[in-house]
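Counting the sequence shown from 1 gives a position; the working numbering is that position plus 4.
Using N, Cα and C, we set each Cβ at its ideal position, and we do this for glycine too.
Being a predicted model, the structure only gives us computed values, none of them experimental.
Notes for the one structure printed next.
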Amino acid sequence: MKFSAMLWFIGLWSLLVYSPIAHMMWEPSGYFAAMGVLDFAGGTVVHINAGIAGLVCALVLGKRIGYGRESMMPHNLTLTLIGASLLWVGWFGFNAGSAVAADGRAGMAMLVTQLATAAAAMTWMFVEWMAKGKPSVLGIASGAVAGLVAITPASGFVGVTGAFAIGIAAGVLCFWASTSLKKMMGYDDSLDAFGVHCIGGITGAILTGFFNVKDISGADASVMTQLYAVIATLAYSGIVSFILLKVIDMVVGLRVSEEEEREGLDVSLHGERVE
5 MKFSAMLWFI GLWSLLVYSP IAHMMWEPSG YFAAMGVLDF AGGTVVHINA GIAGLVCALV
65 LGKRIGYGRE SMMPHNLTLT LIGASLLWVG WFGFNAGSAV AADGRAGMAM LVTQLATAAA
125 AMTWMFVEWM AKGKPSVLGI ASGAVAGLVA ITPASGFVGV TGAFAIGIAA GVLCFWASTS
185 LKKMMGYDDS LDAFGVHCIG GITGAILTGF FNVKDISGAD ASVMTQLYAV IATLAYSGIV
245 SFILLKVIDM VVGLRVSEEE EREGLDVSLH GERVE
């Protein structure tokens, strides 16, 4: 994607998609909040929202040149592990910090974040091992991120049992979405934004309604209410993202030239490269 198109999309998407959904979810008088939808740290607002936008981007933008015909192995697994480790540690502040206090709820959010992430990483590893005959470092890192995503909406509402269940479900479902579903649909999503973030967010959002512990959350929960918020977010974000991409494509264009793509966007757009 052109750098200018990316900036336009991020700016307009943040204004027209992210901000309204965040207001509906986290403003006490907001539409979702008034319905009783639970999203502690952004599973619906951030991950489902951005994940479906990522899928729409992948479909509208199209596949990379040579996708499916040329080898496109991960560039640097060392950097992948460093990034996943930083995410894992930083996510404690993301989830526990949503309590806006150093209290028992924040402590529980940290605990369930750790448990769900570890469970998802292990589950992805074992599922990949059974499906492909070997585990991979990239798969374990992807599973960890899937667990982080899935526990995000539930982190201030569930206990240990819910954390393990959400992590295991995320490991299975996100692996399936990032491999089998992606192959069936034929889209090119190099970082599995849809498979990990959208599917992980959906998993966590719905299971929040099932595993909510009232003594922790102080609120009742309904699976159907959570499901309604998921569907509404998918529809709104997907439709508006599609419209924005089409408008931006008409104004500045979305894709770089074939020559720029083959040279590599780090070089053609920024004049630099990390080896």
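Assuming residue i contacts residue j (C-beta within less than 8 Å), just tell me the rounded distance between them.
i: F161; j: N216; result: 5 Å
i: I56; j: G242; result: 5 Å
i: H51; j: G205; result: 3 Å
i: V256; j: W12; result: 7 Å
i: F198; j: L20; result: Actually they are not in contact, since the Cβ atoms of F198 and L20 sit about 20 Å apart, beyond 8 Å.
i: A158; j: L119; result: Actually they do not touch by this definition, with Cβ atoms about 11 Å apart.
i: F36; j: A233; result: 5 Å
Mapping the DSSP letters down to three states, classify residue i as helix, strand or coil.
i: H79; result: coil
i: K138; result: coil
i: V60; result: helix
i: E74; result: coil
i: L186; result: It is worth fixing the name first, because residue 186 is Lys in this sequence and not Leu. Here K186 sits in helix by DSSP.
i: I69; result: coil
i: S280; result: No answer is possible for residue 280: the residues shown for the chain start at 5 and end at 279.
i: V162; result: coil
i: Y232; result: helix
i: R277; result: coil
i: L42; result: coil
i: V93; result: helix
i: V217; result: coil
i: G208; result: helix
i: A191; result: Reading the sequence as shown, one finds Tyr at residue 191 and not Ala. DSSP places Y191 in coil when its eight states are reduced to three.
i: S261; result: coil
i: A167; result: helix
i: V104; result: coil
Quick check on residue i: buried or exposed, where buried means 16 or more other Cβ atoms within 10 Å of its Cβ?
i: P32; result: exposed
i: W17; result: buried
i: K280; result: Only positions 5 to 279 of the chain appear in this structure, which leaves residue 280 out of reach.
i: I25; result: buried
i: M28; result: buried
i: A135; result: exposed
i: V49; result: buried
Below 8 Å CB to CB, which residues in the same chain sit around residue i once its five sequence neighbours on both sides are set aside?
i: G70; result: M76
i: V64; result: F246, L249, K250, D253, L258
i: G268; result: R277
i: V271; result: R277
i: D224; result: G40, N216, K218
Report all residues from its chain with a CB closer than 6 Å to the CB of residue i; omit the five preceding and five following residues, and keep chain order.
i: L177; result: I203, T207
i: M114; result: F96, A100
What does a CB cutoff of less than 7 Å around residue i pick up in its chain, not counting 5 residues either side in sequence?
i: M129; result: P139, G143, I144, G147
i: E264; result: S272
Does the segment 104 to 119 come close enough to the segment 65 to 83 to have 3 or more Cβ pairs within less than 8 Å? With the cut-off at 8 Å, the segment 104 to 119 and the segment 65 to 83 do not touch.
Does the segment 228 to 243 come into contact with the segment 183 to 192, if we say contact requires no fewer than three beta-carbon pairs (one atom in each stretch) closer than 8 Å? Look at the beta carbons and you see the segment 228 to 243 not touching the segment 183 to 192: under three pairs across the two are nearer than 8 Å.
Quick check: the segment 214 to 228 against the segment 35 to 54, are there 3 or more CB pairs under 8 Å? The segment 214 to 228 vs the segment 35 to 54: in contact.
Closer than 8 Å is the cut-off here; do at least three beta carbon pairs connect the segment 86 to 105 with the segment 144 to 157? For the pair of segments examined, the segment 86 to 105 was found to touch the segment 144 to 157: the number of CB pairs separated by less than 8 Å reaches three.
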